[in-house]
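Under my numbering, the residues of the sequence shown are numbered 103 to 193, in order.
Beta carbons are placed, not taken as given, at the ideal position from N, Cα and C, and that holds for glycine.
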Amino acid sequence: MIKSYLVQVKGRVQGVGFRYSALNKARSLHLRGWVRNEVDGSVSARFEGPDEAVSAYLVWLKTGPPSSIVKNTIVSEMSLDDNLEQFHVEF
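Following this line, the structure appears as structure tokens:
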């Protein structure tokens, strides 16, 4: 089953390589979507893929790379989006 989520990650997640680590992890899981910095200092990720891969990515987002400090994640299940392409960083 394909699942789709939007996640906002709060904490020390900008300026620590979070987006590119998130990109590499998502691509290794063959997810489609994007990750981007937000003006409030958080990072958002919109992604979809097979249930197991999405579950693994959700777990990873709650920790992030070693240089980050994730304090909170806000997870919203979304409808599938046929326009999502290969996982990338949005600016």
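query, result
"Limits of the unbroken alpha helix (DSSP H) element including PHE120", "120 to 130"
"Local Cβ density within 10 Å of GLU140, reported as buried at 16 or more and exposed below that", "exposed"
"Cβ neighbour criterion (16 or more within 10 Å) applied to VAL161", "exposed"
"Cβ distance (whole Å) where LYS112 is taken to contact SER146 below 8 Å", "Actually they do not touch by this definition, with Cβ atoms about 10 Å apart."
"Alpha helix (DSSP H) segments (min. 4 residues) lying fully within the stretch 106 to 186", "120 to 130 and 153 to 163"
"Distance, ARG129 Cα to PRO152 Cα", "13 Å"
"Local Cβ density within 10 Å of LYS54, reported as buried at 16 or more and exposed below that", "Any property of residue 54 remains undetermined from this structure, which presents the chain solely from 103 to 193."
"Reference LEU186, options PRO167, HIS132 and GLY166, closest by Cα", "HIS132"
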